[in-house]
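Heads up: the structure comes next, in C-alpha cells.
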Amino acid sequence: MLSTRKIKSFERDIEEITEALTQMGGMVEKSILTAILSLNTRNTRLAKEVIRYDQDIDQKEIDIDRLCINYIALQQPKASDLRFVTAVMKINNELERMGDYAESIARQTLFLAKKPAWRELVNIPRMAEIATSMVRECLDAFLKRDVKLAYEVIARDEEADKMQSKIYKNLLNDMLTDKENIERASSLLLVSSKLERIADQSTNICEEVIYLVTGKIVRHREKVHALSSPSDS
Amino acid sequence: MLKQDIKKPKNIFRSPKMRSDNLKAWFGSHEALNEISLSIPTFHVTAIIGPSGCGKSTFIRCLNRMHEVVPGTRIQGNVYLDEVDIYGSSINPVNLRKRVGMVFQKPNPFPTMSIRDNVLAGLRLQGMKTYDSDEVVEKALVRAALWDEVKDILKRPGLSLSGGQQQRLCIARALALEPEVLLMDEPCSALDPIASAKIEELIHELRGKYTVVIVTHNMQQAARVSDVTAFFYMGKLVEFDYTEKIFTNPKYKKTEEYVTGRFG
Numbered sequence: 340m341l342s343t344r345k346i347k348s349f350e351r352d353i354e355e356i357t358e359a360l361t362q363m364g365g366m367v368e369k370s371i372l373t374a375i376l377s378l379n380t381r382n383t384r385l386a387k388e389v390i391r392y393d394q395d396i397d398q399k400e401i402d403i404d405r406l407c408i409n410y411i412a413l414q415q416p417k418a419s420d421l422r423f424v425t426a427v428m429k430i431n432n433e434l435e436r437m438g439d440y441a442e443s444i445a446r447q448t449l450f451l452a453k454k455p456a457w458r459e460l461v462n463i464p465r466m467a468e469i470a471t472s473m474v475r476e477c478l479d480a481f482l483k484r485d486v487k488l489a490y491e492v493i494a495r496d497e498e499a500d501k502m503q504s505k506i507y508k509n510l511l512n513d514m515l516t517d518k519e520n521i522e523r524a525s526s527l528l529l530v531s532s533k534l535e536r537i538a539d540q541s542t543n544i545c546e547e548v549i550y551l552v553t554g555k556i557v558r559h560r561e562k563v564h565a566l567s568s569p570s571d572s
Numbered sequence: 137m138l139k140q141d142i143k144k145p146k147n148i149f150r151s152p153k154m155r156s157d158n159l160k161a162w163f164g165s166h167e168a169l170n171e172i173s174l175s176i177p178t179f180h181v182t183a184i185i186g187p188s189g190c191g192k193s194t195f196i197r198c199l200n201r202m203h204e205v206v207p208g209t210r211i212q213g214n215v216y217l218d219e220v221d222i223y224g225s226s227i228n229p230v231n232l233r234k235r236v237g238m239v240f241q242k243p244n245p246f247p248t249m250s251i252r253d254n255v256l257a258g259l260r261l262q263g264m265k266t267y268d269s270d271e272v273v274e275k276a277l278v279r280a281a282l283w284d285e286v287k288d289i290l291k292r293p294g295l296s297l298s299g300g301q302q303q304r305l306c307i308a309r310a311l312a313l314e315p316e317v318l319l320m321d322e323p324c325s326a327l328d329p330i331a332s333a334k335i336e337e338l339i340h341e342l343r344g345k346y347t348v349v350i351v352t353h354n355m356q357q358a359a360r361v362s363d364v365t366a367f368f369y370m371g372k373l374v375e376f377d378y379t380e381k382i383f384t385n386p387k388y389k390k391t392e393e394y395v396t397g398r399f400g
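Chains as they are written, first to last, in this note's numbering: chain A, 340 to 572; chain B, 137 to 400.
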C-alpha cells in the first residue's frame, strides 16, 4: 500500500538535517542582530562576541555538510529528497556567508568605536530590520515549503536595494562635505553593503526553496531577461 | 556565437524504433498490462522500473512475442517495430525474435556447448549458415566486451565462465544475430557489483548501435544506464520521461513515492 507510513531511516536523516539547518539559521540570525546591536550601541564586547561566534557558525556549516554528504552516500536520494539535500547544501553555504557578513559588521563596530561618535545611523538600522526579516522569512519559507512566501521575500530585495542606494548617497554626501568623514563613512558604507548582501543571500535561499518545492530553477532570471533583446525571442 | 553552442535536447521520442498502442496482456483472467502506450526511442536505452508484479517483464516479453509462448496468455492492442505491427498475420515470431533479441535475468548459456558454440547457437537455431563463423564469434564477443577475456579459451564450456562472463556470453549470443532491439530482463540481478558494472558499461557501449530496453529493480542502475525511464505500477504506465526528469522531478506522486523509496 502506498499510504502505509512508518518512519524510515532516510526520513530520520531528513529530520536531522532539517533540524541542524534550522539551528544554523537561528545562529546566523542571532549573529546579524547582535552585530547590528553592537553597531547601534557602540558595544565592543558584543562585537567581539559576534566575531568569536562566527567560528561556531563555521563549524555548524561543516557539520551540516557532513550530514548531507553521508545522506547522499548512504541513502542515494531521488526526486524531492535529492532536491532537498542539494537545496540544503546551498542554503547552508548561503547562511555561512551571512555569518561572515555579520562578523564583518562587528569588525566595523570595533573600528567605529575608536572614533568619536558621529552622525546617527538613520537608515542602517532600518536596512538591518529589512535584511533580518528577510533572513527569518526565507528560513520560514524553507521550513514550511512555502513558495508564496519565498516569492514575497524575493520581491522585498528591491526594498533593500533602494535603501542601500539611499544610504550610499547620504554617506557620499557626508564624505564630499568634509573629508574628516571619509573613514567613518566608508566604514558605514561597508556595513550597508554587507546588509544588502545579506538580503541578496536571503533571496538566493528563497530560490532554493522554490526549486525544492517545484523543481523549477528561478535563479538568474532577471539577468537573462535584462540581457535578451526582443530580437532574441 | 556563444548562444549557438548551447545544444537543445533532441526530441528522441519523435521516431520510435518500437511502439505499443493500448497494449493489454493477460495471464488467464489476470490482467497484467492495462492499455500501455509507449514509444521506445531508436538507438537509446529505455529503462522500465516498478515494483514486483507491475507488468514490466510482461511488457518487454510482449515486444518480441515471448508472452504468447506461455499457455493461457493473450494480448490486445498493437506493438509496432519500425511502424509495422509485430502481431500482424504476416509476421513470423521466430524472425521477429531475431530482430528483437532478449537477455534474461539468469545467465543461461547452453551447458553442453563451448563458449564459441554458445555464441553461434542462436544463428544455428535460426538455420542460418555461418560461412565466416570465426569472424561472427569475434565480432559478437568484442561487442559484448568479453573477447579479451575468452579469446584463448573459446573451446571451453560456457559454464566454466563466471556469472558475469556468462551473462556477457548470453549478450554476445543475442548480438551475433545482429538484432535491432535488445531486451534485457533484469540482466544484473544475479550478478555481483563488479560484474554488474561491466554489464552497465556494456549497455553504455551498445547505445547508439542498438535500441535497448532494460527492466530493472535497481533504480540506481536505471538512473545510470538509461536515457528514458518508464515507471509501471499495477499494470499501468504511470510516467514516461527522460531519466533525469524521473529521478529529479517526476510529474506524478506515485513515481515520486516509488523513486524516493516511500512505498510500503
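Beta carbons are placed, not taken as given, at the ideal position from N, Cα and C, and that holds for glycine.
Predicted, not measured: the structure shown is a model, and the values here were computed from it.
Does DSSP classify serine 188(B) as helix, strand or coil?
Numbered from 1 along the second sequence, position 52 holds the residue referred to as residue 188(B). Coil, per DSSP.
Are there 16 or more other CB atoms within 10 angstroms of the CB of phenylalanine 376(B), so buried, or fewer, so exposed?
Locating residue 376(B) in the second sequence gives position 240, where the first residue counts as 1. It counts as buried.
According to DSSP, is lysine 417(A) part of a helix, a strand, or is it coil?
Within the first sequence, numbered from 1, the residue matching residue 417(A) stands at position 78. It is coil, neither helix nor strand.
Which runs of the alpha helix (DSSP H) at least 4 residues long sit entirely within the segment 309–366 of chain B? Give them in chain order.
329–342, 355–361
Please determine, among Gly554(A), Gln540(A), Ile549(A), the residue with the shortest C-alpha to C-alpha distance to valine 367(A).
Within the first sequence, residue 367(A) is the residue found at index 28, counting from 1. Looking at the Cα atoms, Gln540(A) is the closest of the given residues.
Cβ of methionine 355(B) less than 8 Å from any chain A Cβ?
Within the second sequence, the letter at position 219 stands for residue 355(B). Output row for methionine 355(B): interface = yes.
Helix, strand or coil for leucine 534(A), going by three-state DSSP, please let me know.
Here the question's residue 534(A) lines up with position 195 in the first sequence. Helix.
Per DSSP, what kind of secondary structure is tryptophan 162(B) in: helix, strand or coil?
For the purposes of this step, residue 162(B) is identified with residue 26 of the second sequence, where counting begins at 1. Strand.
Please identify, using Cβ separations under 9 Å, the residues of the segment 346–372 of chain A that lie next to chain B, in order along the chain.
Lys347, Phe349, Glu350
Relative to the alpha-carbon of phenylalanine 349(A), which residue among Lys454(A), Cys407(A), Met428(A), Asp496(A) has its alpha-carbon at the smallest distance?
Indexing the first sequence from 1 puts residue 349(A) at position 10. Minimum Cα distance to phenylalanine 349(A) is reached at Cys407(A).
Leucine 421(A) touches chain B at which residues, Cβ-Cβ below 8 Å?
Against the first sequence, residue 421(A) aligns to sequence position 82. The answer, in chain order, is Phe383, Thr384.
State whether the segment 418–427 of chain A contacts the segment 395–410 of chain A, with contact taken as three or more CB pairs (one from each stretch) at a distance under 8 Å.
yes
For a cutoff of 8 Å on Cβ pairs, would you count glycine 189(B) as touching chain A?
Residue mapping note: residue 189(B) aligns to position 53 of the second sequence, counting from 1. False, the Cβ-Cβ gap to chain A never drops below 8 Å.
Looking at the secondary structure, which residues open and close the beta strand (DSSP E) in which glycine 213(B) lies?
Residue numbering aside, residue 213(B) sits at position 77 when the second sequence is read from its first letter. 209–217 is the span of the beta strand (DSSP E), which, as asked, contains glycine 213(B).
Look up phenylalanine 149(B) in the DSSP assignment and say whether it is helix, strand or coil.
Reading the second sequence from its first residue, position 13 is the one you call residue 149(B). Annotated three-state conformation of phenylalanine 149(B) is coil, per DSSP.
Tell me, which residues are paired with threonine 182(B) by DSSP?
Walking along the second sequence from the start, residue 182(B) turns up at place 46. Answer by DSSP bridge pairing, in chain order: Val349(B), Val364(B).
When we look at the beta-carbon of glutamine 414(A) and count the other beta-carbons within 10 Å, is it buried (16 or more) or exposed?
Locating residue 414(A) in the first sequence gives position 75, counting from the first residue. That one is buried.
Closest to threonine 448(A) by CA distance: which of Asp352(A), Leu510(A), Gly365(A), Thr383(A) is it?
In the first sequence, residue 448(A) corresponds to position 109, counting from 1. Comparing Cα-Cα distances from threonine 448(A) to each of Asp352(A), Leu510(A), Gly365(A), Thr383(A), the minimum goes to Thr383(A).
Using a Cβ-Cβ cut-off of 8 Å (strictly less than) and excluding sequence neighbours within five positions of leucine 376(A), which residues of its own chain qualify?
Here the question's residue 376(A) lines up with position 37 in the first sequence. Cβ neighbours of leucine 376(A) within its own chain (closer than 8 Å, five residues either side excluded): Asn382, Leu385.
Please report how far the alpha carbon of valine 255(B) lies from the alpha carbon of aspartate 288(B), in whole angstroms.
Locating residue 255(B) in the second sequence gives position 119, where the first residue counts as 1. Locating residue 288(B) in the second sequence gives position 152, where the first residue counts as 1. Roughly 15 Å between the two C-alpha positions.
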